[in-house]
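Numbering follows full-length UniProt numbering, with no gaps: position 237 of the sequence shown is 237.
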Amino acid sequence: MSIPDFQSAMLPILKILNEKRESSTSTIRDGVAIVFKTTEQERRELLPSGKTRIFDNRVAWSITYLKMAGLIQSPKRSFYSITNEGSQFLKTNPERIDNNVLQQFESFQEKKFKTNMLQGDSLGVNEYIQTPDEMMETGYSKIRKDLAEELLNKIKSCNPYFFESIVLDLLIKLGYGGSDEKNKKVTKKSNDEGIDGIIKEDKLGLDLIYVQAKKWENPVSGTEIQKFAGALQVQRAKKGIFITTSMFTTNAHEYVSKMDSKIVLIDGAELTDLMIEYNVGVSTKQTYEIKKVDLEYFNED
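Shown next as structure tokens:
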């Protein structure tokens, strides 16, 4: 079926705990997956950070909100049970539980009010479709997307020769040349024979990688890749990297896949992603640390 949003999962979780009285987090997840017919593949889908499963994150926040309302409790680590108030509420046969419904419970009002005051939150209680983690990741993705667009526009405004230097700086950050600036070389503007830069594959320089960097608006065709392959052949080289601010045509990708020489294609989108990841042409504006309770610290055994 699909991955439920965290508010839609609240009622099924309360019903699961009403039937089993005490359940582990994993049992609750399995129960919610059955109710919504969530497949194993869907359960493995990750948030943009690639560190947390979306399904697990939403179930966790459903549990948190139900606890805030006093409908469930945690008798021991990673186990939950329904409270008397939760059992009584189920007897009213609610069709749905969401943040708006939870507002009727005083404990939820108090905790949610304090949270909103601390966060300067102006959203209504029922305007949250995403979990707090998802909202943060969505915000981060938007900032990163805008940054990539701004970065690409800045690169396009540079002169072609400086663009070649940017490309080699990136390759050094990626670990080529043993991460040593001395192991890169930008070829002369004239008579470069189709090669814009050369970088040692490792610190010892056991092999060289030849680079072509094109600051173009139009897609790079297979013909251009063929020319680059010819330039590699002249140098008796078997490894090359072709980087552009635009993109590559299907024909270009097909040509590379049939070659004996190894040529890596990096388009504008991948270029900016790599530059952001390896801090080339960007700097950190702000850092936020997300912390959690250290349960081991509170282990009294």
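Where a beta carbon is used, it is the ideal one built from N, C-alpha and C, also for glycine.
Which of helix, strand or coil DSSP assigns to residue i
i, result
"lysine 51", "coil"
"valine 293", "coil"
"tyrosine 288", "coil"
"leucine 151", "helix"
"leucine 14", "helix"
"valine 264", "strand"
"valine 282", "coil"
"lysine 239", "strand"
"tyrosine 298", "Reading off the sequence shown, one finds phenylalanine at residue 298, where the question assumed tyrosine. Reduced to three states, the DSSP call for phenylalanine 298 is coil."
"asparagine 100", "helix"
"glycine 177", "helix"
"glycine 226", "Here residue 226 turns out to be glutamine, not glycine, going by the sequence shown. If DSSP states are grouped into helix, strand and coil, glutamine 226 belongs with the helices."
"serine 62", "helix"
"lysine 203", "coil"
"phenylalanine 105", "coil"
"glutamine 7", "coil"
"isoleucine 28", "helix"
"proline 94", "coil"
"isoleucine 129", "coil"
"lysine 37", "coil"
"methionine 136", "helix"
"residue 312", "The question about residue 312 has no answer, for the chain in this structure spans 1 to 301."
Cβ-Cβ distance between residue i and residue j below 9 angstroms
i, j, result
"arginine 77", "isoleucine 276", "no"
"threonine 245", "glutamate 217", "yes"
"tyrosine 255", "alanine 237", "no"
"residue 344", "isoleucine 290", "Nothing about residue 344 can be reported from this structure: the residues present for the chain run from 1 to 301 only."
"leucine 66", "isoleucine 13", "yes"
"isoleucine 243", "lysine 200", "no"
"asparagine 18", "glycine 86", "yes"
"isoleucine 28", "isoleucine 63", "yes"
"aspartate 98", "glutamine 7", "yes"
"lysine 239", "serine 257", "no"
"alanine 269", "methionine 247", "yes"
"aspartate 5", "glutamine 103", "no"
"tyrosine 176", "aspartate 202", "yes"
"glutamine 233", "leucine 208", "no"
"threonine 39", "valine 32", "no"
"lysine 142", "asparagine 279", "no"
"serine 81", "glutamate 22", "yes"
"serine 283", "tyrosine 140", "no"
"valine 293", "alanine 252", "no"
Nearest to residue i (by Cα), restricted to the options the options
i, options, result
"serine 165", "Asp196, Met135, Leu174 and Glu150", "Asp196"
"isoleucine 54", "Glu224, Cys158 and Arg43", "Arg43"
"serine 47", "Cys158, Thr38, Arg58 and Phe162", "It should be pointed out that residue 47 corresponds to leucine in this sequence rather than to serine. Among Cys158, Thr38, Arg58 and Phe162, the Cα nearest to that of leucine 47 belongs to Arg58."
"leucine 147", "Asp260, Phe242, Gln103 and Leu274", "Leu274"
"serine 74", "Lys292, Leu11, Thr25 and Ile34", "Thr25"
"threonine 272", "Gly240, Leu171 and Tyr288", "Leu171"
"glycine 281", "Thr131, Leu102, Cys158 and Gly139", "Cys158"
"leucine 152", "Asp5, Asp267, Gln41 and Phe79", "Asp267"
"methionine 10", "Thr52, Gln235, Thr138 and Asn100", "Asn100"
"tyrosine 288", "Glu40, Met136 and Ser23", "Met136"
"phenylalanine 108", "Gln88, Ile72 and Tyr140", "Ile72"
"glycine 222", "Leu265, Leu206 and Thr83", "Leu265"
Strand pairing of residue i, partner residues [DSSP]
i, result
"glutamine 73", "Ser81"
"threonine 244", "Lys214"
"serine 2", "Note: serine 2 sits in no beta bridge, so no partner."
"glutamate 22", "Ser81"
"leucine 46", "Arg53"
"valine 220", "Phe248"
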